[in-house]
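Some notes on the structure that comes next.
In the numbering used here, the protein residues as written are 150 to 510.
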């Protein structure tokens with residue numbers, strides 16, 4: 150693995166011999182610098198040479214080719230918006246059925262976006278057809294991770310399981326070129342846990358998109374202590390180019406949005422458990438009182454109660470002393486009963502497709 154030296158923000162500029170003597174006599178003596186720290190006439194020149202060497206050793210990051218691993222709900226959207234922004238995309242799945250499903254998701258999403266643009270008069274039908282062809286040509290599909298060997302950025306959107314992610318990143322790190330940047334779309338796991346196994350934590354960030362990727366404008370960039378400044382700035386440029394707004398945080402549980410959101414969903418569940426308010430009244434109160442587009446129990450159902458439980462159980466296990474991380478008994482009972490919310494047809498509400506019908510309890 151290549152090791153890169155980051156250039157300090159401070160460096161000497163060339164100083165003439167005369168100026169060097171002046172600097173020593175006036176400034177160093179005034180600062181009380183001991184003799185061993187005094188500059189020799191040729192020292193500024195050596196510093197400048199060292200600066201040029203350091204610059205030459207610093208890698209240049211330029212994203213032109215984006216790899217996306219996992220073409221499910223999130224991954225297909227990440228691949229699509231990257232291709233729409235002009236990037237060459239390598240879309241990778243582990244199994245042929247998943248790859249075919251990902252292709253269909255991308256085709257359906259792209260067709261829907263362009264159809265709406267035509268309906269709104271933003272482009273002609275002919276222009277939409279040409280745009281569809283251009284975007285599709287930018288995407289290459291593969292079942293082989295080695296297809297990512299020349300990618301400049303690889304975004305991972307696979308299952309939320311450390312036992313899967315750690316060996317995945319070990320393999321990826323050995324296959325992809327040394328200057329490639331890795332970004333994980335995890336929403337709940339600690340980035341550092343699999344950044345180190347990749348062999349390049351200095352080129353690793355969290356890239357947390359929101360569902361649906363094509364419509365949601367936010368991307369959370371999770372910056373590790375090891376992340377090189379040049380890597381961070383390059384990733385910010387990528388996020389801006391695909392038309393998203395970037396926010397940044399450290400590797401804290403749930404990052405920004407989920408760290409604030411999930412405990413709020415928990416409190417709504419606990420309020421219902423204690424019999425302090427009904428499902429509908431809790432949701433209506435937060436919609437009209439706080440301006441939320443949907444209430445917390447409605448949102449929990451929409452996300453998937455099994456997903457909420459998975460996140461919370463992981464947090465409770467990893468951070469047992471954090472009082473905000475609690476698993477409500479009602480949530481556990483619903484998931485154990487197969488009531489997962491929207492995806493199963495019942496949770497806190499009864500659902501018909503994507504439409505909530507009435508409270509289930």
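For glycine and all other residues, C-beta sits at the position ideal for the given N, C-alpha and C.
So, using beta-carbon positions, are residue i and residue j closer together than 8 angstroms?
{"i": "residue 515", "j": "residue 371", "result": "The chain is shown from 150 up to 510; residue 515 falls before or after that span and cannot be answered."}
{"i": "residue 228", "j": "residue 297", "result": "no"}
{"i": "residue 480", "j": "residue 458", "result": "yes"}
{"i": "residue 408", "j": "residue 395", "result": "no"}
{"i": "residue 380", "j": "residue 351", "result": "yes"}
{"i": "residue 430", "j": "residue 445", "result": "no"}
{"i": "residue 292", "j": "residue 320", "result": "no"}
{"i": "residue 329", "j": "residue 373", "result": "no"}
{"i": "residue 512", "j": "residue 281", "result": "For the chain, the structure presents residues 150 to 510; residue 512 sits outside this window and is missing."}
{"i": "residue 411", "j": "residue 461", "result": "yes"}
{"i": "residue 306", "j": "residue 218", "result": "yes"}
{"i": "residue 498", "j": "residue 507", "result": "yes"}
{"i": "residue 346", "j": "residue 391", "result": "no"}
If you count every other CB in all the chains shown that lies within 10 Å of the CB of residue i, and 16 or more means buried, which is it?
{"i": "residue 501", "result": "exposed"}
{"i": "residue 242", "result": "buried"}
{"i": "residue 138", "result": "The question about residue 138 has no answer, for the chain in this structure spans 150 to 510."}
{"i": "residue 276", "result": "exposed"}
{"i": "residue 245", "result": "exposed"}
{"i": "residue 435", "result": "buried"}
{"i": "residue 496", "result": "buried"}
{"i": "residue 353", "result": "buried"}
{"i": "residue 484", "result": "buried"}
{"i": "residue 263", "result": "buried"}
{"i": "residue 463", "result": "buried"}
Under the assumption that residue i contacts residue j (Cβ atoms under 8 angstroms), give the Cβ distance between them as a whole number of angstroms.
{"i": "residue 299", "j": "residue 265", "result": "34 angstroms between Cβ atoms; not a contact."}
{"i": "residue 510", "j": "residue 415", "result": "Going by Cβ atoms, the distance from residue 510 to residue 415 rounds to 17 angstroms, so no, they are not a contact pair."}
{"i": "residue 490", "j": "residue 449", "result": "7 angstroms"}
{"i": "residue 303", "j": "residue 334", "result": "Not a contact, Cβ separation roughly 11 angstroms."}
{"i": "residue 369", "j": "residue 404", "result": "5 angstroms"}
{"i": "residue 220", "j": "residue 251", "result": "2 angstroms"}
At 4 residues or longer, what runs of the alpha helix (DSSP H) sit wholly inside the region 289-376?
The DSSP assignment places complete alpha helix (DSSP H) segments of no fewer than 4 residues inside the region 289-376 at 311-324, 341-344, in order along the chain.
Assess contact between the region 224-235 and the region 273-287, defined as three or more Cβ pairs (one per stretch) separated by less than 8 angstroms. Is contact present?
yes
My parser needs the alpha helix (DSSP H) runs of 4 or more residues fully inside the region 206-268; what are they?
224-233, 245-268
Three or more C-beta pairs below 8 angstroms linking the region 440-448 and the region 466-481
no
Does the region 332-341 come close enough to the region 305-318 that 3 or more CB-CB pairs lie under 8 angstroms?
yes
Quick test of the definition: if touching needs 3 or more C-beta pairs under 8 angstroms, does the region 211-225 touch the region 240-255?
yes
What alpha helix (DSSP H) runs, 4 residues minimum, are completely inside the region 377-439?
378-390, 406-422, 428-439
Entirely within the region 425-509 and at least 3 residues each: give me those beta strand (DSSP E) ranges in chain order.
498-501, 504-508
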